[in-house]
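Student:
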Amino acid sequence: MRDLTKRMTRVGLGLGVGASALLVASAAYAVDDETAYIFNSLNFLMHGFLVMWMAAGFCMLESGLVRSKSAATISLKNIAIYGIAGIMFWLVGYKIMYPGTMGEDWNGYFNFGLIWSASDPEGDFSGGYSSGSDWFFQMVFCATAASIVSGTLAERIKIWPFMVFTTILTGIMYPITGSWEWGTGWLDTNFGFSDFAGSTLVHSVGGWAALAGAFVLGSRIGKYNPDGSVNPMPGSMLPLATLGTFILWLGWFGFNGGSQLAMGTGADVAAISNIYINTNLAAASGLVVAMIMSQILFKKVDLSIALNGAIGGLVSITAEPLAPTIPIALMVGAVGGVIVTIAVPILDKLRIDDVVGAIPAHLLCGIWGTIIVPFSNDSATYYGQAVGIGAIGAFTFVVSLVLWLILKFTVGIRASAEDEEMGLDKAELGIEAYPEFTRR
Amino acid sequence: MRDLTKRMTRVGLGLGVGASALLVASAAYAVDDETAYIFNSLNFLMHGFLVMWMAAGFCMLESGLVRSKSAATISLKNIAIYGIAGIMFWLVGYKIMYPGTMGEDWNGYFNFGLIWSASDPEGDFSGGYSSGSDWFFQMVFCATAASIVSGTLAERIKIWPFMVFTTILTGIMYPITGSWEWGTGWLDTNFGFSDFAGSTLVHSVGGWAALAGAFVLGSRIGKYNPDGSVNPMPGSMLPLATLGTFILWLGWFGFNGGSQLAMGTGADVAAISNIYINTNLAAASGLVVAMIMSQILFKKVDLSIALNGAIGGLVSITAEPLAPTIPIALMVGAVGGVIVTIAVPILDKLRIDDVVGAIPAHLLCGIWGTIIVPFSNDSATYYGQAVGIGAIGAFTFVVSLVLWLILKFTVGIRASAEDEEMGLDKAELGIEAYPEFTRR
Amino acid sequence: MRDLTKRMTRVGLGLGVGASALLVASAAYAVDDETAYIFNSLNFLMHGFLVMWMAAGFCMLESGLVRSKSAATISLKNIAIYGIAGIMFWLVGYKIMYPGTMGEDWNGYFNFGLIWSASDPEGDFSGGYSSGSDWFFQMVFCATAASIVSGTLAERIKIWPFMVFTTILTGIMYPITGSWEWGTGWLDTNFGFSDFAGSTLVHSVGGWAALAGAFVLGSRIGKYNPDGSVNPMPGSMLPLATLGTFILWLGWFGFNGGSQLAMGTGADVAAISNIYINTNLAAASGLVVAMIMSQILFKKVDLSIALNGAIGGLVSITAEPLAPTIPIALMVGAVGGVIVTIAVPILDKLRIDDVVGAIPAHLLCGIWGTIIVPFSNDSATYYGQAVGIGAIGAFTFVVSLVLWLILKFTVGIRASAEDEEMGLDKAELGIEAYPEFTRR
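Protein chains in written order, with the numbering used here: chain A, 227 to 666; chain B, 227 to 666; chain C, 227 to 666.
1. Which of helix, strand or coil does DSSP assign to F391 (chain B)?
2. Taking 7 Å as the threshold (C-beta atoms), are G312 (chain A) and L474 (chain B) in contact?
3. Out of curiosity, what's the CA-to-CA distance linking I264 (chain C) and D494 (chain C)?
4. Would DSSP call Y608 (chain A) helix, strand or coil?
5. What are the complete alpha helix (DSSP H) segments, minimum 4 residues, inside the region 332 to 382 of chain A?
6. Mind listing the chain C neighbours of E654 (chain B)? Cutoff is C-beta to C-beta under 8 Å, in chain order.
7. Look at M519 (chain B) and T567 (chain B) and say whether their C-beta atoms are less than 7 Å apart.
8. Just tell me which of C:S542, C:T551, C:S511 has its CA closest to the CA of A532 (chain C).
9. Just verifying my parser: in three-state terms, what is the DSSP assignment at V613 (chain B)?
10. If we ignore side chains and look at the alpha-carbon of each, how far apart do T491 (chain A) and L268 (chain B) end up?
11. Strictly below 8 Å CB to CB, what residues from chain C border S294 (chain A)?
12. Beta-carbon of F472 (chain A) versus every beta-carbon of chain C: anything under 7 Å?
13. Starting from L523 (chain B), follow the alpha helix (DSSP H) in both directions and report where the run begins and ends.
14. If we count the other Cβ atoms within 10 Å of its Cβ and call it buried at 16 or more, is P600 (chain B) buried or exposed?
15. Roughly how many angstroms separate the alpha carbons of A643 (chain B) and D580 (chain B), rounded to a whole number?
16. Determine the chain C residues that contact T261 (chain A) at a beta-carbon separation under 8 Å, and present them in chain order.
17. Would you give the residue range spanned by the alpha helix (DSSP H) that M323 (chain B) belongs to?
18. Determine the direct distance from the alpha carbon of I398 (chain A) to that of F441 (chain A), and round the result to whole angstroms.
19. Near C368 (chain B), what residues of its chain come up, given a Cβ to Cβ distance below 7 Å and the 5 sequence neighbours on each side ignored?
20. What does the alpha-carbon distance come out to for the pair V277 (chain A) and S373 (chain B)?
21. Would you verify that the beta carbon of S542 (chain C) is, or is not, closer than 7 Å to some beta carbon of chain A?
22. Between the C-alpha atoms of A251 (chain B) and A612 (chain B), what's the straight-line distance to the nearest angstrom?
23. Do we get a CB-CB distance below 7 Å when we pair F362 (chain A) with the residues of chain B?
24. Quick test of your reading: A569 (chain B) and L590 (chain B), contact by CB under 8 Å. State the CB separation rounded to the nearest angstrom.
25. Could you tell me which chain C residues have their CB closer than 7 Å to the CB of C368 (chain B), listed as they occur along the chain?
26. Let me know if E381 (chain A) comes out buried or exposed under the rule of 16 or more other beta-carbons within 10 Å of its beta-carbon.
27. Against chain C, with Cβ distances strictly below 7 Å, would T468 (chain A) count as a contact?
28. Closer than 9 Å by beta-carbon distance: list the chain A residues that pair up with L287 (chain B), in chain order.
29. Suppose you measure from the CA of N500 (chain B) to the CA of W342 (chain A); what does that come to, to the nearest Å?
30. Pull up the distance between the alpha-carbon of S296 (chain B) and that of K652 (chain B), whole angstroms please.
31. From the DSSP output, read off the bridge partner residues of V558 (chain A).
32. Compute the beta-carbon to beta-carbon distance between L513 (chain C) and A545 (chain C), rounded to the nearest angstrom, for a pair I have assumed lies under 8 Å.
33. Which class does V428 (chain B) belong to by DSSP, given the choice of helix, strand or coil?
34. Which residue's Cα is closest to the Cα of A371 (chain A): A:I322, A:A436, A:A509, A:G349?
35. For I543 (chain A) and W594 (chain A), I'd like the C-alpha separation in whole angstroms.
36. Given K303 (chain B), which residues of its chain have a CB within under 6 Å of its CB, disregarding the five upstream and five downstream residues?
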């Protein structure tokens, strides 16, 4: 469940912050209700704009890692996704995802509702935060899942079918699985599934949808030779990819920190501080481990593996950024760094063409981060975590697969070979990302 | 008028937040004075740094949309503008613009003063916010107007005359028209003109100044053929332009959200939340509509039109981001998306060479956003809005035209044909933006 | 000393804010303890994420200013530095640097400790802020010093020896000199040395380490001709360098503003406002002065000098961004702009190859900003400032020199001439930053 009431009782966990539930209750009187309401809403707004900024991070990361003939298309997709996700989350997403927060009785599996609007009773601050600030924060999360998909499927998927998939993913699929846990659904109620900021609910969901898409879509022309060897297709502008990673790293303070869902008590802000630290150090550890491993395995420090190492560390800590001590956070991130380093060649062996390495970083590290939650947070169980990972994975993968297949056999999802060779920028947008520079 | 006192009584408007003026008055006692003072000042500082960041957004947008031979010059102009605007706003701008906030008696048309300095009575928090935080917030707005001009006139205007124009625009022209409304001047007092965050006061002002400059300066060599056809001059680095748009989008939460001018009550923070939502969804709607329209009209999704669609949506909602319900905000943004899509070919027909499409996005959408305010905010009238649009537009356009003509006939504003062909980077800066890449 | 207790008494200084120590004491009761605790922690978190963002700023600045064959390597170094600094600051740095804040008795010269962890007594908010928020804020400062080094030594230093140096710089050297002042050490206690946000403690430290490295490493092949003339090696992507400068400028509001160390009183937030203003105007003034001077001296506006002018202004104001009136802040920044303009040719005459101009901007402007503190803040003396500059400079330069020499004669620090010609990207990373673009 992802609302303030429950989170306030869990704030007692954490790095020796150790605020008990009792303390939090009494603290609520030290800071007056309206002041707490402002702080709690500010938490959503400030951390929300940081998460919004992650959309730019994905855009730069993906623009830098594709070939120059696809860089304008991937830019367009990334900004379009962010826009569409917002509209869909207003139209249906929020009401599907958060029946609990809206005080509705529901079956725990599926809830439908149309058109969200703010509902703050006049002058009553007992709700703890403005409903609009909460909507904004949840909305920016919604866009993240779709951003992951665009990276994996880059350079060969047609724009409009991709947009259709994105619309359904952000508007319906992501909110459904989200409701199972953050919306007080069956995973939350029956299995105590715990995913603080969305290693599974956001990142793995994006990863599963991307994986299904990669199966249906196939690899880029020329990526794999008949003998199984791989033709590297290096990213066209690596400083942009690095910038994208920095943006994601910055935005992740909002992603994880804001998921404390409250800043209206001293214990909350101390918890957010610890979340910032764990988030930062898991990223650092994933980065450093990926650098060292790529040096050992490939005799070169691989920049794109290093960047994915940082992202892998971030995804890994996202399921539980509050409870771990720092050494545990470093370990969680380090394993994330290992995962991205070894998974890339494995995916290539399976001929899954994941242009930016999103499946290792988001799907695999998302699973890792989620399954390890009970190691530091004993309110979760390995069994409950496995059920959540499995249920959300199965639902997202199967529904995505069906949807990709429907799109494939109706409008078609793959650009023609000719368009792909020419580059989607020219073929679909009629422009080039870098029209003046001569290409080798 | 743009000060806390008045805004607190208008907070009652909005998306069902419905805080009455009475509530706000009583709420002021729930949060103690000093706490409210901190929140209100923090609103200016946090949202102010987001608006400052928009200067980088304009810089990236314009750098990405000019040809590579002008990219260093436009970068220099953008950062220089931001610096100059700050100095001028300290030297004269603030005192011209905000006589009301400084408690001065004035005629409502023009007020002169030199050198602003902070004035916070010791230990007295009844003013509601630190005067420095307010100055900082208003200063970052000032820079925005000039950024718009640089985009339209790129690739052919000489650096130093442009700097002179910018200095006068930010130091004198923008503050004068700003004082008419936000400074409690005649438009505010006599016509109830309403422009929440500056669709007209900031964006249209920039657009009018740019339009006057475009007339005087003429189009780039080779842009228009004698037979009226247009030679496209595509942007040289579209991922940078996309990054710029993302930066602007992020910064706009500060631009519109911070313009609530207060965060010291629960009703204020709820209002800011609703402003974030409307701002985001108007941008999303402008973007999606521009994408769909460009697909229909031109059979291609045009990335630069899509980016301008988002910006057009943002500019459109800026005059009133609080009062509209979400469907109205979506409609306001959508019309912005339509405007940018259809205005670009019209400008080309008129042979107005607007390099980055700033006139449709900032001038036309600014007018649209301002005229539609009464549709959702009944404290404004269509008549009053039209008077404000007309008066500010006439003043800015005429004074700009005179100023550009004076500059033209004294120091000259247009680079020589030879310099323009070579590119301003080489001609004026003696460097190149991308010296190592071979150009086609 | 850099903790809340002392800073609260110094807040009385400043631009007419004039809160007396008495006022602050009484104000502490107006805002309740827990509310102040949240504000103070939020100050560290919000300003901390802005400082974190500066790492991306250095990365873009340096990526844009190196040649394209080294852009991926410099990107990697910058993100790696940020990660490593965080881990080292947890492992040893914080405990070396802040014995005072941790309430330890120490000798004022060196304190050792291993592994920091948060220590917030349950429900006790008298400490004023969460210890984790403080750690986070100090940690992001630590990364900055190393970022400066990478810029100077770019294009010729091997990756791993650089990483070793960085690890020791961030983990040990920076914390030691930092402890002398911010950790209540001998410079603070005996000499009243004053360095508000780190002109000397952060920027000059980075500059000294870079200078020592430049001596040991030597200049890039082909940079200096035997006859003393210089071959310009222009930056490969100037819009990225401009973006980097904008990011640094934005991040500096966090760097200086957050160094107020408190936001829990009205006087604190008024002080932060004034810090924002002085920081912004010193940067503006450095920028404008550098533009004008480069026009006069070189008959061209030099973009990279202009960018360094802004950075020089920022570094200059960092030692005392609160006490100066605005005219003094403008003067301090202007001198920074002069310094960067005239120092670049001097360094070239000395054949010190500083790829991005970091030594003028960070070392020289850091010295200037620190020595001029007593002009506006009479709690500091010119003598005390000189002692601090000299002691920290001597320590950092000598230890760096020894360390660079050890690295040179053991593992070697300089890439082979062949690797350097080919570019470190290909040689060390096995990739290229822009693999598709033809190079001239």
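No residue lacks a Cβ here, since even glycine has one placed at the ideal position from N, Cα and C.
Tutor: According to the data block:
1. In this structure, F391 (chain B) counts as helix in the three-state DSSP scheme.
2. No, these two residues do not count as a Cβ contact at 7 Å.
3. Distance between the alpha carbons of I264 (chain C) and D494 (chain C): 14 Å.
4. Correct three-state label for Y608 (chain A): helix.
5. Runs found: 357 to 378.
6. Neighbours of E654 (chain B) on chain C, chain order: K526, V527.
7. Going by beta carbons, M519 (chain B) and T567 (chain B) fall inside the 7 Å limit.
8. Comparing Cα positions, the closest option is C:S511.
9. Helix at V613 (chain B).
10. Distance between the alpha carbons of T491 (chain A) and L268 (chain B): 18 Å.
11. Simply E662, F663.
12. For F472 (chain A), the answer is yes, since a Cβ of chain C falls inside 7 Å of its Cβ.
13. Counted as a single uninterrupted DSSP element, the alpha helix (DSSP H) harbouring L523 (chain B) occupies residues 492 to 524.
14. When all chains shown are included, P600 (chain B) counts as buried.
15. Distance between the alpha carbons of A643 (chain B) and D580 (chain B) is about 18 Å.
16. Against chain C, a Cβ distance below 8 Å from T261 (chain A) picks out T261.
17. Its alpha helix (DSSP H) spans residues 320 to 323.
18. When rounded, the distance between both Cα atoms is 22 Å.
19. Within the same chain, C368 (chain B) has close Cβ partners A311, F315, G319, T396, Y400.
20. Straight-line measurement puts the Cα of S373 (chain B) at about 26 Å from the Cα of V277 (chain A).
21. Not closer than 7 Å to any Cβ of chain A, the Cβ of S542 (chain C) fails to qualify, so no.
22. The pLDDT assigned to A251 (chain B) is 36, lower than 50, so where the model puts this residue is not dependable; a value taken from the coordinates is nonetheless given after this. Taking the straight line from one Cα to the other gives about 33 Å.
23. Flagged as an interface residue toward chain B: F362 (chain A), by a C-beta distance shorter than 7 Å.
24. With a beta-carbon spacing of about 6 Å, A569 (chain B) and L590 (chain B) fall inside the 8 Å limit used to define contacts.
25. Chain C residues near C368 (chain B): none, gap ~12 Å exceeds 7 Å.
26. Under this definition E381 (chain A) is a buried residue.
27. With 7 Å as the cut-off, T468 (chain A) counts as an interface residue toward chain C.
28. Going along chain A, no residue has its Cβ under 9 Å from L287 (chain B), so there is no contact; the nearest lies around 12 Å.
29. One alpha carbon belongs to N500 (chain B), the other to W342 (chain A), and they sit about 12 Å apart.
30. Going from the Cα of S296 (chain B) to the Cα of K652 (chain B) covers about 8 Å.
31. Assignment of beta-bridge partners to V558 (chain A) by DSSP yields no partner.
32. A545 (chain C) and L513 (chain C) do not touch by the CB rule: their CB atoms are close to 19 Å apart, not below 8 Å.
33. Helix, per DSSP.
34. For A371 (chain A), the nearest C-alpha among the options comes from A:A436.
35. Rounded to whole angstroms, I543 (chain A) to W594 (chain A) spans 9 Å at the Cα level.
36. Counting only Cβ-Cβ distances below 6 Å, and skipping sequence neighbours, we find S376.
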